[in-house]
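There are 2 protein chains.
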Amino acid sequence: MTTPVSQTATKNRQWLLASRPVGAPTISDFNFVATDIPTPKEGEVLLRTVYLSLDPYMRGRMSDAKSYAEPVAINDVMVGGAVCVVEKSHHSDYSEGEWVVAFAGWQDYSVSDGTNLLKLGKNPTMPSYALGVLGMPGLTAYMGLLDIGQPQAGETVVVGAATGAVGSLVGQIAKLQGCKVVGIAGGAEKCEFAVQTLGFDACLDHTRDDLAAQLAQVCDAGINVYFENVGGKVFDAVLPLLNSKARIPLCGLISQYNATQLPDGPDRLSLLMGNLLIKRIKMQGFIVFDDYGHRYQEFSQAMQAWLAEGKIHYREDRVEGFEQTAAAFIGLLTGQNFGKLVVRVGPDAL
Amino acid sequence: MTTPVSQTATKNRQWLLASRPVGAPTISDFNFVATDIPTPKEGEVLLRTVYLSLDPYMRGRMSDAKSYAEPVAINDVMVGGAVCVVEKSHHSDYSEGEWVVAFAGWQDYSVSDGTNLLKLGKNPTMPSYALGVLGMPGLTAYMGLLDIGQPQAGETVVVGAATGAVGSLVGQIAKLQGCKVVGIAGGAEKCEFAVQTLGFDACLDHTRDDLAAQLAQVCDAGINVYFENVGGKVFDAVLPLLNSKARIPLCGLISQYNATQLPDGPDRLSLLMGNLLIKRIKMQGFIVFDDYGHRYQEFSQAMQAWLAEGKIHYREDRVEGFEQTAAAFIGLLTGQNFGKLVVRVGPDAL
C-alpha cells in the first residue's frame with residue numbers, strides 16, 4: 001500500500017467501496033487509496049477533514065438494496081459526516097480557516113459548493129462534538145425520544161446500544177424527563193458505565209442468556225417507550241413487556257444490518273401487528289435529517305444548555321489514524337466501540 | 001332446542017359461549033338458551049334488544065389470550081353492542097319507550113345502571129345506524145383515517161374489507177378528502193359495489209391470485225395510507241408499495257383471528273421493522289372507544305352532515321332472526337356478509 005499514513009497537503013487519501021459485502025463487511029470490501037487533491041471552482045470551497053464520524057447507517061449504503069438513500073457505487077468514496085477546515089475558498093460565505101460540518105465522506109479533501117455546511121467558527125472548543133452529541137446522533141436521540149416517544153415522568157424507557165452515540169443520549173434525556181431508564185448493552189463494563197456515569201436506573205448485558213427474564217424483572221411496571229436502534233433479540237425481549245399505548249421510535253436496527261437472509265420461522269409479522277393492535281402501540285420509523293432537520297436549532301440550544309449544566313455526559317471513542325477507519329467501522333457493527341466512534345483524520349492545522 | 005324462535009315478553013333468549021374455539025368458531029361453540037327476564041333494581045333500567053351488532057372483534061373475546069379486554073367466560077353471554085328499548089325504568093334519566101345504544105350482549109333482555117348508554121330518543125329514524133355508520137365502526141373509520149392516517153388530497157389510500165362496515169366508510173371519507181381510493185374485497189360483486197356505488201377509484205378482488213401484481217399496477221404512485229383491518233396476504237401485497245412517510249392505522253386483523261398458530265417462516269418481523277425504518281412509516285394500533293370515545297360528538301356531527309348531504313352511502317346486511325346470530329357471526333369472519341352485519345333481534349314494539 002502506497003497510501004501515506006498521515007494527512008498531507010499534496011495527496012487525498014480516500015476509502016473506496018471495493019465490493020458489496022455479503023454479511024459482515026471485511027477489510028477487503030474497502031480500498032484505501034491516494035489521489036490528487038481536487039481543485040475548487042468559483043463558488044466552491046476546498047475542505048480538509050479533521051474528524052470523520054462512523055455510524056451504523058453506513059452499512060446500508062454499502063448495499064444496493066432499495067433504501068432511503070442511494071447506495072455508494074463501487075469504487076466511489078464511502079459517505080459520511082465530517083468536521084472539516086476550509087483550506088481554500090472561492091465562496092463569499094466561507095473564509096479559509098473556518099471550521100464546518102460537511103457530508104465530506106471518507107477522505108482527506110473534498111469540494112463543496114457551500115450547501116448543507118454547518119458553520120462551527122474559527123476556533124471551536126470541541127469540534128468533534130458536532131458529529132455526536134451536538135450532531136446527527138444527538139438530534140436522533142432528542143427528536144426520536146421527545147417527538148415520537150413522548151416520555152412522561154414516571155414512565156419506563158428502554159434503549160439498546162445504551163453506551164453508543166444515540167442510546168447514551170436517549171437514556172440521559174429520558175432521565176431528565178423524570179423517567180425510569182433501562183439500558184441494554186454488550187458487556188459488564190458498558191453496563192456499569194451506563195448506570196454509574198450516565199445515571200441509568202439499570203443496564204442489562206445482552207451477551208447473557210437470560211436477557212428476557214432479567215428485562216421482565218427490571219421493568220416490573222412494563223415498558224412505555226422503547227427507543228429502537230438495535231432490533232433482533234433485544235426487540236424480542238422487549239415485545240412482551242410493552243404496555244398499552246407504548247411508543248416505539250425506530251431509528252436503526254444495527255443487529256440486522258449484516259444479515260444475509262431472514263431468520264427461520266415461524267413468521268412473526270402477524271404477531272407483531274397483533275401486538276401493535278391489541279396494545280394500541282405506535283411504531284414509527286424516522287430518518288433524522290429528513291424528518292427533523294428543520295428543528296436542529298431547537299435541539300442544539302437545549303443540548304448545549306444541558307452540556308453546560310453538566311446534565312449530559314458524552315463519551316467519545318476516538319480512533320487515531322485514518323488508516324484504521326475500515327477496521328473501526330467493522331468493529332462498530334459488532335459493538336466493539338465504547339461511545340461515539342470518531343476517527344481523527346488529520347491535525348487541527350496542517 | 002326449546003328456545004323460542006321469536007322474542008317474547010316472558011323469556012330472555014341468550015347466546016352463551018359454550019367452548020373456546022380452536023381456529024374458526026363453529027355453531028357448537030355457542031349455546032342458544034332461554035332464561036328468565038332479569039328484574040331491574042332501583043337506579044336501573046330493563047332493556048329489550050331490537051338490533052344486535054356483529055363485529056370481528058368479538059372473535060377475540062372468545063379466546064382467553066391476553067388482550068385489551070377480558071375474555072367472555074365459558075357459559076357467559078356473548079358481548080356486543082345493541083340498539084335497545086327501555087322496557088322498565090327505575091332510573092330518573094331514562095323513561096320507558098326510549099331507545100338507547102347499550103353494550104347489551106347477545107340476548108333479548110339486559111339490565112343497565114345507565115352508564116355508557118347513548119340516547120337515541122323515542123322515535124329514532126334509522127336506529128340500527130347507531131351500530132354502524134353512526135356508531136363504533138363509523139368512529140373507527142373516521143378517527144383511524146383522519147387522526148392517524150392524516151390523508152392529504154392527491155394521496156393514495158388503500159383499505160381492505162372494502163364493503164364492510166369500517167372499510168366502506170374509510171374509503172368514502174378518503175374520497176371526501178380528495179384522495180385516490182383503492183379497495184380490496186372478496187368477490188366481483190363487492191368490488192363492483194365499491195366502485196359503482198361507494199365511488200372508490202378501484203377495487204381488487206383478493207380471491208384472485210394476482211393481487212400483488214394488480215395492486216402494484218393500480219397504485220402506480222405507491223400507497224400513502226393503508227388502513228389496516230385485514231392483515232395477511234392483503235398486507236403482504238401492500239407492504240412493498242408503501243411510500244416514504246406512509247401511515248398505517250391498525251384497527252383490526254380479521255384474516256388472522258381464526259389462526260391457531262403463526263405461519264411458517266421465514267420470520268419477517270425484522271423485514272417489517274426494516275421497512276418501517278427505511279420508509280419512515282408510522283404504524284399505530286388503536287381501540288376506538290378507548291382512544292377516541294371522547295371525540296364521538298365531533299365524529300357524529302360530521303357523519304350526520306355527510307349522510308344528510310348524500311355524500312356517504314351506507315349498506316347494512318341485516319339478518320332477520322336472533323336464532324341466526326352465531327351462524328351469521330361465523331360467516332362474518334370469512335367475509336360472507338355484504339355490508340354492516342346487524343341482527344334483527346326483536347320488533348320495534350313488542
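Residue numbers (UniProt numbering), protein chains in the order written: chain A, 1 to 350; chain B, 1 to 350.
Using N, Cα and C, we set each Cβ at its ideal position, and we do this for glycine too.
Worksheet item: Touching or not, the segment 256–264 of chain B and the segment 246–261 of chain A, by the rule of three or more beta carbon pairs under 8 Å?
Response: Three or more Cβ pairs closer than 8 Å define a contact, and the segment 256–264 of chain B falls short of that threshold against the segment 246–261 of chain A.
Discussion item. Taking the straight line between their C-alpha atoms, what separation do you get for A/D267 and B/L271?
Written reply: Distance between the alpha carbons of A/D267 and B/L271: 10 Å.
Worksheet entry | Contact set between the segment 112–146 of chain B and chain A, restricted to residues whose Cβ is under 7 Å from the partner | Within the segment 112–146 of chain B, no residue qualifies.
Fill in: Endpoints, alpha helix (DSSP H) assigned at B/I330
Its alpha helix (DSSP H) spans residues T325 to L332.
Discussion item. What residue range does the alpha helix (DSSP H) around A/K122 cover?
Written reply: Per DSSP, A/K122 is not a residue of any alpha helix (DSSP H), being assigned neither H nor E.
Worksheet item: B/S110 to B/M58, Cα distance in whole Å?
Response: Whole-angstrom Cα-Cα distance: 18 Å.
Item to complete: Find the nearest neighbour of B/G178 within the set B/E189, B/N337, B/Q152 and B/Q297, judged by alpha-carbon distance.
Response: For B/G178, the nearest C-alpha among the options comes from B/Q152.
Worksheet item: Any chance the segment 186–200 of chain A sits against the segment 213–222 of chain A, with 3 or more Cβ pairs inside 8 Å?
Response: Too few Cβ pairs lie closer than 8 Å, so no.
Discussion item. On the CB-based measure, 16 or more other CB atoms within 10 Å of its CB, does B/G171 come out buried or exposed?
Written reply: By the 10 Å Cβ count, B/G171 comes out buried.
Item to complete: Go ahead and pull the three-state DSSP assignment for A/W106.
Response: It is coil, neither helix nor strand.
Discussion item. When you compare the CB positions of A/A246 and A/N224, do they come within less than 8 Å of one another, or not?
Written reply: Closer than 8 Å, so yes.
Discussion item. Can you look up A/N275 in the DSSP assignment and give me helix, strand or coil?
Written reply: Shown here, A/N275 sits in a helix according to DSSP, grouped into three states.
Worksheet item: Which ranges would you report for the alpha helix (DSSP H) in the segment 199–270 of chain B if only whole runs of at least 4 residues count?
Response: Counting only runs of 4 or more, we get 211–218 and 233–238.
Worksheet item: Taking 8 Å as the CB-CB cut-off, is B/Y57 touching chain A?
Response: Among the residues facing chain A, B/Y57 is not included, as its CB has no counterpart in that chain under 8 Å away.
Item to complete: Could you tell me which residues DSSP puts in a beta bridge with A/W306?
Response: In DSSP, A/W306 forms no bridge with anything.
Practice prompt. Would you mind stating whether A/Q107 and A/Q7 have Cβ atoms separated by less than 8 Å?
Written response: Cβ atoms of A/Q107 and A/Q7: not closer than 8 Å.
Worksheet item: I think B/L332 touches B/L341, with their Cβ atoms under 8 Å apart; what is that distance to the nearest whole Å?
Response: Yes, B/L332 and B/L341 are in contact; Cβ-Cβ is about 5 Å, under 8 Å.
Discussion item. Using the three-state DSSP reduction, which class does A/Q172 fall into: helix, strand or coil?
Written reply: Under the three-state reduction of DSSP, A/Q172 is assigned to helix.
Worksheet item: Excluding sequence positions up to five away, which residues of its chain have a Cβ less than 6 Å from the Cβ of B/Y68?
Response: Same-chain partners within the cutoff: I287.
Worksheet item: Out of B/G187, B/L269, B/Y142 and B/T156, which has the shortest C-alpha to C-alpha gap to B/D291?
Response: It is B/Y142 whose Cα lies nearest to the Cα of B/D291.
Worksheet item: Which residue comes first and which comes last in the beta strand (DSSP E) that contains B/Q284?
Response: From DSSP, the beta strand (DSSP E) with B/Q284 extends over K282 to G285.
Fill in: Interface partners of B/Y68 on chain A, CB under 8 Å
The contacting residues are S244, I278, K279 and R280.
Practice prompt. Return the bridge partner residues of A/L139 from the DSSP annotation.
Written response: Within the DSSP bridge table, the entry for A/L139 names no partner.
Worksheet entry | For A/A34, the nearest candidate out of A/M283, A/A326, A/V5 and A/N337 (CA to CA) | For the set A/M283, A/A326, A/V5 and A/N337, the Cα lying nearest the Cα of A/A34 is the one of A/V5.
Fill in: Cutoff 8 Å: A/P71 Cβ touching any chain B Cβ
By the rule that beta-carbons nearer than 8 Å mark a contact, A/P71 does not touch chain B.
Discussion item. Using only CA atoms, which one of B/G81, B/D348, B/G252 and B/Q336 lies nearest to B/A130?
Written reply: With distances taken between Cα atoms, B/A130 lies closest to B/G81.
Worksheet item: Taking C-alpha atoms, which residue in B/G335, B/H90 and B/S95 lies nearest to B/T163?
Response: Of the candidates B/G335, B/H90 and B/S95, the one whose C-alpha sits nearest the C-alpha of B/T163 is B/G335.
Worksheet item: Where do the N-terminal and C-terminal ends of the beta strand (DSSP E) with A/K11 fall, by residue?
Response: Bounds of the beta strand (DSSP E) holding A/K11 are K11 to L17.
Fill in: Listed by chain order, chain A residues near B/L250 by CB distance under 7 Å
Correct list: M273, L276 and L277.
Practice prompt. Mind checking who A/K88 pairs with in its DSSP beta bridge?
Written response: A/K88 is bridged to A/L46.
Item to complete: My understanding is that A/G222 touches A/L241, with C-beta atoms under 8 Å, so please give their C-beta distance in whole angstroms.
Response: The C-beta separation of A/G222 from A/L241 comes to about 6 Å, placing the pair in contact by the 8 Å criterion.
Discussion item. According to DSSP, B/G183 sits in a beta bridge with which residue or residues?
Written reply: DSSP, once it has assigned bridges, lists B/V159 and B/C203 as partnering B/G183.
Practice prompt. Using three-state DSSP, classify B/Y296 as helix, strand or coil.
Written response: Helix, per DSSP.
Worksheet item: Between the segment 287–305 of chain A and chain B, which residues of the former have CB atoms less than 9 Å from a CB of the latter, in chain order?
Response: Flagged, chain order: I287, D290 and D291.
Fill in: Per-residue contacts from B/P266 into chain A (C-beta, under 8 Å)
In chain order: Q261, L262, P263, D264, G265 and D267.
Worksheet item: From B/F193 to B/L307, what does the alpha carbon distance come to, in whole angstroms?
Response: For B/F193 and B/L307, the distance between alpha carbons rounds to 18 Å.
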